[in-house]
Every structure is written in structure tokens, then in C-alpha cells.
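Q: In the numbering used here, the protein residues as written are 3 to 274. The beta-carbon is built from N, C-alpha and C at its ideal position, and this holds for glycine as well. On a predicted model such as this, the values are computed, not experimentally measured, just so you know.
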Amino acid sequence: METNAMPSLSVDRTRIAITEVTIFSIIQLVRFVTRFMQEWQYWHHRKEKNVLRCLLYSWFGMLGVLAQLRIAGSAMVIAVSNPSKSVWTAESILQSIGLSPLLFEVSLVLLRSGQAGRSGPGNTRHPTYLRFLLHAFRFSVILSLVCAVVGETMDIPACMDVGSAVFVITFAFVIILVFWIAIVYRMVLPKNGYRGVMLVLAALPFLAVRITYFLLAEYGSEEFNAVTGKHGIKVGIGLSMEIIATVLLLLSRGLMEPFRFKILHAEELERG
């Protein structure tokens with residue numbers, strides 16, 4: 003008779019989960035506070051600016067979604083000492099889809115490079131075709147995400163293969179696009195915008211290693227499995243790469259939209 007019982011969690015796996023919750027909680031807190039200040043100061047959306055909208059945009063940014071996915075996945079590990087197959091599947095799905103917000107954030111940061119130092123909707127230096135390309139590759143990310151979730155949930159290998167292939171092709175396109183922007187638009191972008199693009203460029207090798215780990219977890223030996231594999235491998239080429247890429251993307255957005263505390267304070271006094 004088949005059973006849904008799965009191997010118990012090791013002490014090391016639990017410690018990694020606790021560390022992951024701690025690190026991504028800090029990332030979410032720092033990201034939320036800084037993003038709120040940036041949204042309030044620069045506000046690039048067509049809807050009227052208010053505190054509630056700033057809070058929503060700040061909390062549900064792409065890096066915020068990533069942090070929440072990682073916290074949720076690790077919290078399940080901590081909460082369930084003897085996880086069932088469904089719990090393992092859920093954590094595996096959360097591990098797989100966590101890469102999608104990172105590529106979405108790359109798209110958003112590159113779009114923001116054309117608006118660096120400017121406020122208001124549509125106030126960008128990027129031409130229409132470049133904005134289209136930066137928006138367009140998100141659809142392939144969504145496609146790969148859907149295929150990954152359906153493949154993991156329904157146990158359809160072909161679906162997972164399609165999702166992985168689309169994701170890798172999309173990432174290759176992103177690499178070309180970032181290099182192109184860094185070379186062609188060097189004289190067009192402001193200094194802060196170009197520096198932000200260079201930080202995105204610096205994040206790509208770490209993203210590449212993280213994606214390689216994702217592929218090894220899907221198609222490699224058991225030691226690369228994101229849930230049951232070797233902990234040193236998970237930390238070394240999985241978790242640490244993801245954290246470094248996340249921090250670089252945070253710094254990139256911070257360079258493009260620096261805080262001006264005096265201006266913010268004066269604006270608040272005028273509104274008060």
C-alpha cells in the first residue's frame with residue numbers, strides 16, 4: 003500500500019528554514035520601508051497618489067512577493083516536523099516559482115532606469131519599442147510559471163519541461179537586453195540610471211547560478227533536490243545566490259530613486 007509519508011526533516015534543514023525566514027523578513031521590512039518612500043516621492047502611476055496606494059504598491063512589489071514566498075515555504079518546514087507528500091509538493095512549488103518575481107523585478111528596474119530622478123507617470127527616456135520589450139518578456143515568465151505549477155501539482159513532466167525551457171530562453175533574452183541597454187543607452191541614461199543598470203548587470207551571474215541550481219534540482223541527481231537534497235548545495239548555489247541578486251536589485255532601485263529626506267519632510271508639512 004502506498005503512503006503519503008515522507009522523510010522527516012533534519013535539524014540542519016530546520017535551521018536553514020529559520021535562517022531563510024529571518025533573512026527574507028529583514029529584506030521584506032527594508033524593501034517595504036524604502037519602496038514606500040520612493041513611491042511617495044516619485045509616484046509614476048496614473049492613479050492619484052495616496053497613502054493606501056503607496057502601501058499596497060510597496061508591500062506587493064516583486065521582491066516583496068519573493069520574500070513572502072520564501073517565508074511561507076520555510077514556515078511550512080518549521081511548522082511540520084513530519085511533512086506529508088502534499089507539504090513537500092507545496093514547498094517544491096514555492097521554491098520553483100520564486101525565480102519568477104526576480105525576473106519581473108529586473109524588468110521593472112530596467113524600466114525605472116529611464117525614469118531615474120524623474121517623477122510622474124510616463125516620464126521616461128526609453129523609446130516605445132524598448133518599453134515594449136521590457137514589458138513583453140514578462141508574458142513568457144508567466145507562461146513558465148503556469149507550466150511549473152501545473153507540472154508540479156499534476157505531476158506532468160512534459161509541462162515542467164516546457165516551463166523550464168521557456169524560463170531559460172527568457173533569461174537568455176534578458177541577458178542580451180541588459181547588455182544592450184548598458185552599451186547602447188550609456189549616453190542617454192542619467193548617471194544614476196546607468197549605475198542602476200550596471201547593478202542589474204552585476205546581479206545576472208548570481209541569477210544564472212541560481213537558475214542553474216533550479217535546473218539541477220529538476221533534472222539532476224537527488225543531492226540537488228531543493229527540498230530533500232544536500233543542505234550545503236542548497237545554501238551555496240541556491241539561497242545565497244538568490245539573496246545576493248535580491249540585494250543588488252534593491253540597491254539598483256535605490257540608486258535610481260534616491261531618498262530626499264528634506265523634500266519629503268517639506269512635502270509632508272505642506273500637506274499637514
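1. Reducing DSSP to helix, strand and coil, say where residue 117 ends up.
2. Does the beta-carbon of residue 221 have 16 or more other beta-carbons within 10 angstroms, so that it is buried, or is it exposed?
3. Grab the span of the alpha helix (DSSP H) containing residue 194 for me, first residue to last.
4. Does DSSP classify residue 234 as helix, strand or coil?
5. Would residue 77 pass as a contact of residue 23 if the rule is Cβ separation under 8 Å?
6. Rounded to the nearest angstrom, what separates residue 140 and residue 197 at their Cα positions?
7. Taking the alpha helix (DSSP H) that residue 163 belongs to, which residues open and close that run?
8. Tell whether a beta-carbon distance below 8 Å holds between residue 114 and residue 255.
9. Who are the near neighbours of residue 213 in its chain, counting only those whose CB is closer than 8 Å to its CB and skipping five residues on each side?
10. Thinking C-beta only, is residue 155 closer than 8 Å to residue 80?
11. Determine whether the beta carbon atoms of residue 132 and residue 64 lie at a separation below 8 Å.
12. By Cβ distance, which residues of its chain are closer than 6 Å to residue 128, with the 5 residues on each side in sequence left out?
13. Just mark residue 234 as buried or exposed, buried being the case when its beta carbon has 16 or more other beta carbons within 10 Å.
14. I'd like to check one pair, residue 121 with residue 43: are the Cβ atoms closer than 8 Å?
15. Assign residue 45 to one of three DSSP states: helix, strand, or coil.
16. Using 10 angstroms around the beta-carbon of residue 223, count the other beta-carbons present and answer buried if the total reaches 16, otherwise exposed.
17. Do residue 136 and residue 112 have their beta-carbon atoms positioned less than 8 Å apart in this structure?
18. Does the beta-carbon of residue 103 have 16 or more other beta-carbons within 10 angstroms, so that it is buried, or is it exposed?
19. Helix, strand or coil for residue 123? Go by DSSP, reduced to three states.
A: Looking at the atomic coordinates:
1. Within the sequence shown, residue 117 is the residue found at index 115, counting from 1. Looking at residue 117 - three-state DSSP - the assignment turns out to be coil, as it is neither helix nor strand.
2. The count along the sequence shown starts at 1 and reaches residue 221 at position 219. Classification of residue 221: exposed, given that the 10 Å Cβ count is below 16.
3. Mapped onto the sequence shown, residue 194 falls at position 192. Segment 193-221, the alpha helix (DSSP H) holding residue 194.
4. Translated into positions along the sequence shown, residue 234 becomes position 232. Per DSSP, reduced to three states, the secondary structure at residue 234 is helical.
5. Here residue 77 is taken as the residue at index 75 of the sequence shown, counted from 1. Here residue 23 is taken as the residue at index 21 of the sequence shown, counted from 1. Cβ atoms of residue 77 and residue 23: closer than 8 Å.
6. One-based indexing of the sequence shown puts residue 140 at position 138. One-based indexing of the sequence shown puts residue 197 at position 195. Straight-line Cα distance between these residues: approximately 23 Å.
7. Here residue 163 refers to the residue found at position 161 when the sequence shown is read from its first residue. 159-186 is the span of the alpha helix (DSSP H), which, as asked, contains residue 163.
8. Reading the sequence shown from its first residue, position 112 is the one you call residue 114. Reading the sequence shown from its first residue, position 253 is the one you call residue 255. Yes; because the gap between Cβ atoms is below 8 Å, this pair is in contact.
9. Against the sequence shown, residue 213 aligns to sequence position 211. Taken in chain order, the residues that qualify are 101, 169, 170, 173.
10. Counting from 1 along the sequence shown, the entry for residue 80 is found at position 78. Counting from 1 along the sequence shown, the entry for residue 155 is found at position 153. Between residue 80 and residue 155, the C-beta spacing is not below 8 Å.
11. By one-based count along the sequence shown, residue 132 stands at place 130. By one-based count along the sequence shown, residue 64 stands at place 62. Their beta carbons are not under 8 Å apart, which means residue 132 does not touch residue 64 by this criterion.
12. Numbered from 1 along the sequence shown, position 126 holds the residue referred to as residue 128. Around residue 128: 116.
13. Taking the sequence shown and counting its residues from 1, the one referred to as residue 234 is at position 232. Flag for residue 234 reads exposed.
14. For the purposes of this step, residue 43 is identified with residue 41 of the sequence shown, where counting begins at 1. For the purposes of this step, residue 121 is identified with residue 119 of the sequence shown, where counting begins at 1. Yes, the Cβ-Cβ distance between residue 43 and residue 121 is below 8 Å.
15. The residue labelled residue 45 in the question sits at position 43 within the sequence shown. The three-state reading of DSSP puts residue 45 in coil, since its state is none of H, G, I, E or B.
16. Working through the sequence shown from its first residue, we reach residue 223 at position 221. Exposed, by the Cβ-count rule.
17. The residue you call residue 112 lines up with position 110 of the sequence shown. The residue you call residue 136 lines up with position 134 of the sequence shown. For residue 112 and residue 136, yes; Cβs fall inside 8 Å.
18. Within the sequence shown, the letter at position 101 stands for residue 103. Residue 103 is buried by the Cβ-count criterion.
19. Taking the sequence shown and counting its residues from 1, the one referred to as residue 123 is at position 121. It is coil, neither helix nor strand.
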